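In full-length UniProt numbering, the protein residues as written are 1 to 681.
Here a beta-carbon is modelled for each residue, glycine too, at the ideal position from N, C-alpha and C.
Treat the numbers as computed from the prediction; the structure is a model and nothing was measured.
What follows is a short report on a single structure.
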């Protein structure tokens, strides 16, 4: 082979190398990996005649220079890829002047590094495809290596510094040169704890060349040259990183300017369409909703077609923001009016008397706020000014409104009573009957009675649905520590044991259709359950009418639910009943036992809680608050009660006629009316 041919071949080889990097197939590990990773993207369709650019090749060189010097390097490289003729022209060494002129169009771009050709430089900076597999949209550049790799190619093309192959080469170079710097490119990767990675193509090239030298001196000289080349590349990389950062800032500023111009133009057009007042009334949050709308906050110039496309959405947004703002303004107005009404009602109540149990059983502020005429006054148009004088005009209607509210609640509860449970009698209030109790489906409490049920907390909890006015009433109640308005929809049921209670009342000698709760509370009759089975102990337990209805049958040590059909009651003689009552009271010499969770109310404000004395001391400066005067038990609290341990009743003699002796310390009496034969009844 002649020397001229060798020189021409070397030059052709260099161009081929440049073209290989230009088409982003600089290196890969095996053809199989390249095929499995991804296929080459399909060629885009080109409009017009493909031969139209051929005429450029016939132009004078100075004209081509003027054309090419005004092109972006990206466009120049794309032109080189259109045909073999353009490729041959632009990839030749004589075309470097075109590339340098095109590069001058980019402010601040560093000069092309000496170890890269102009096409390679343009391809690295302005084309975002992977240099290993041609995958598109690879944003990050490995500056130390002057390549772009997708995540998968990074796994293939980069090997860690602690790899045996890398360590072996570096040790050999260190031994030959006594220089610790690497003779091939190395880089870090994000989220890899600053660990260094070597570039596999450079490792292969270095290793192949290193092994080809016949003498150590040649290898040492080559290694030192490569170390200097790596240092040179690192220095250039620093300049490129700084330029890229400045370009990113400039690009961001350019996009921000475009975005702001679009926002200003859209706002201008909206004002021209008559929405200026709506825009001026927007608060900062609403304004951000408008300008950061995905159709507004774009870094694109606004065209007429784009405006016609997005206008309906923006008009709809402004209308919805206006409605939300009007609703907020209305809510604030209602809140202020309701606070004024709450203050007025509180002063009205304080002028009447100190708060008592009865105060909890009447219409509260929240109930009055939902009743006409107060609601009509509060919901007057926003243009109407409401003052305390307007409330004073309505103050005379408060007693009638309380009565109306009370009768409405009474009617609601009476409607829950089954027709077969009550046989109404003239002059008898059905809610005062002993059997007229209610069960709460929310907290599962039973024995709720009129009128204390009006203070039951479950009926004044937040409703599942409410309108704007009701929501504002609740906010005022929350802020003022007051009860919500009454809402008992599907919350209460009538007494589930009404039939059993009617039988026990009848056993006590009372008429269940007329006996009131107060009357039965004073009833001193006691009943014995003859259906209880006690094989060893010849006694029965005494019950009042209420505990008798709740009585469960003990069956050989097992408690079962009360079966009314199995009960058989015996009424004790009056004298013996008095003895039972005396023992019941004696067993509770310490008085009534308040249950856990008792809630108290302040007589001077709306406080409800478990520590009324502390409240009166710190809030009202009352050193020794008195129960019943300064505070009282909330009527919804579980009532004070005696521990229920029934008194036992023994017959005077056994079945054999032997007298029965009551065990010492046992609460029991001997009954002459209760014989041993009754045990087996």
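Please report how far the alpha carbon of residue i lies from the alpha carbon of residue j, in whole angstroms.
{"i": "residue 314", "j": "residue 290", "result": "8 Å"}
{"i": "residue 672", "j": "residue 586", "result": "22 Å"}
{"i": "residue 210", "j": "residue 226", "result": "11 Å"}
{"i": "residue 344", "j": "residue 451", "result": "26 Å"}
{"i": "residue 273", "j": "residue 72", "result": "41 Å"}
{"i": "residue 463", "j": "residue 490", "result": "12 Å"}
{"i": "residue 480", "j": "residue 634", "result": "18 Å"}
{"i": "residue 349", "j": "residue 627", "result": "20 Å"}
{"i": "residue 629", "j": "residue 361", "result": "18 Å"}
{"i": "residue 282", "j": "residue 320", "result": "12 Å"}
{"i": "residue 574", "j": "residue 528", "result": "13 Å"}
{"i": "residue 133", "j": "residue 149", "result": "8 Å"}
{"i": "residue 542", "j": "residue 648", "result": "6 Å"}
{"i": "residue 675", "j": "residue 353", "result": "58 Å"}
{"i": "residue 756", "j": "residue 517", "result": "The chain is shown from 1 up to 681; residue 756 falls before or after that span and cannot be answered."}
{"i": "residue 254", "j": "residue 288", "result": "21 Å"}
{"i": "residue 611", "j": "residue 659", "result": "54 Å"}
{"i": "residue 34", "j": "residue 309", "result": "Bear in mind that a pLDDT of 40 at residue 34, under 50, signals an unreliable position, so the number given afterwards is only what the model happens to contain. The alpha-carbon atoms of residue 34 and residue 309 are separated by roughly 44 Å."}
{"i": "residue 601", "j": "residue 285", "result": "43 Å"}
{"i": "residue 61", "j": "residue 81", "result": "20 Å"}
{"i": "residue 430", "j": "residue 329", "result": "48 Å"}
{"i": "residue 128", "j": "residue 295", "result": "27 Å"}
{"i": "residue 426", "j": "residue 325", "result": "58 Å"}
For the putative contact between residue i and residue j, defined by C-beta atoms under 8 Å, what is the C-beta separation to the nearest angstrom?
{"i": "residue 377", "j": "residue 394", "result": "7 Å"}
{"i": "residue 669", "j": "residue 583", "result": "7 Å"}
{"i": "residue 632", "j": "residue 620", "result": "Between residue 620 and residue 632 the Cβ distance is about 14 Å, and since that is not below 8 Å, they are no contact."}
{"i": "residue 173", "j": "residue 223", "result": "5 Å"}
{"i": "residue 637", "j": "residue 613", "result": "Not confirmed; about 16 Å, so no contact."}
{"i": "residue 206", "j": "residue 169", "result": "7 Å"}
{"i": "residue 123", "j": "residue 77", "result": "6 Å"}
Taking a contact to mean a Cβ-Cβ separation below 7 Å, would you say residue i touches residue j in this structure?
{"i": "residue 202", "j": "residue 185", "result": "yes"}
{"i": "residue 476", "j": "residue 334", "result": "no"}
{"i": "residue 145", "j": "residue 199", "result": "yes"}
{"i": "residue 69", "j": "residue 101", "result": "yes"}
{"i": "residue 379", "j": "residue 466", "result": "no"}
{"i": "residue 370", "j": "residue 485", "result": "yes"}
{"i": "residue 549", "j": "residue 580", "result": "no"}
{"i": "residue 508", "j": "residue 523", "result": "yes"}
{"i": "residue 414", "j": "residue 494", "result": "no"}
{"i": "residue 457", "j": "residue 526", "result": "no"}
{"i": "residue 682", "j": "residue 498", "result": "Any question about residue 682 goes unanswered here, given that the chain covers just 1 to 681."}
{"i": "residue 214", "j": "residue 143", "result": "no"}
{"i": "residue 445", "j": "residue 437", "result": "no"}
{"i": "residue 278", "j": "residue 318", "result": "yes"}
{"i": "residue 229", "j": "residue 262", "result": "no"}
So the alpha helix (DSSP H) residue i belongs to, where does it begin and stop?
{"i": "residue 659", "result": "It is not in any alpha helix (DSSP H) - residue 659 carries neither H nor E in the DSSP assignment."}
{"i": "residue 348", "result": "304–352"}
{"i": "residue 177", "result": "164–177"}
{"i": "residue 392", "result": "388–395"}
{"i": "residue 67", "result": "61–69"}
{"i": "residue 186", "result": "No alpha helix (DSSP H) contains residue 186, which is instead part of the beta strand (DSSP E) from 186–188."}
Could you check where the beta strand (DSSP E) with residue i kicks off and where it finishes?
{"i": "residue 601", "result": "600–602"}
{"i": "residue 493", "result": "492–494"}
{"i": "residue 613", "result": "Residue 613 -> not in any beta strand (DSSP E); alpha helix (DSSP H) instead, spanning 612–620."}
{"i": "residue 748", "result": "Shown here, the chain extends from 1 to 681; a query on residue 748 therefore has no answer."}
{"i": "residue 271", "result": "That residue, residue 271, is in no beta strand (DSSP E); it is neither H nor E in DSSP."}
{"i": "residue 438", "result": "438–440"}
{"i": "residue 649", "result": "648–651"}
{"i": "residue 569", "result": "569–571"}
Grab me the residues of residue i's own chain with a C-beta within less than 7 Å of its C-beta, minus the 5 sequence neighbours each way, in chain order.
{"i": "residue 259", "result": "297, 298, 299"}
{"i": "residue 502", "result": "435, 512"}
{"i": "residue 366", "result": "473, 477, 482, 483, 484, 485"}
{"i": "residue 160", "result": "195, 197"}
{"i": "residue 665", "result": "none"}
{"i": "residue 657", "result": "none"}
{"i": "residue 661", "result": "none"}
{"i": "residue 455", "result": "360, 361, 634, 635, 636"}
{"i": "residue 239", "result": "110"}
{"i": "residue 622", "result": "616, 630"}
Looking only at its own chain, which residues have a Cβ that is under 8 Å from the Cβ of residue i, when we skip the five neighbours before and after it?
{"i": "residue 412", "result": "488"}
{"i": "residue 519", "result": "434, 510"}
{"i": "residue 187", "result": "142, 143, 144, 145, 158, 196, 197, 199"}
{"i": "residue 386", "result": "337, 340, 377, 378, 380"}
Leaving out the 5 sequence neighbours to the left and right, which residues in its chain are closer than 6 Å to residue i when beta-carbon positions are compared?
{"i": "residue 564", "result": "With a pLDDT of 49 at residue 564, under the threshold of 50, the predicted position of this residue should be treated as unreliable, though the coordinate-derived value follows. So the list reads 500, once near-sequence residues are dropped."}
{"i": "residue 570", "result": "528, 530"}
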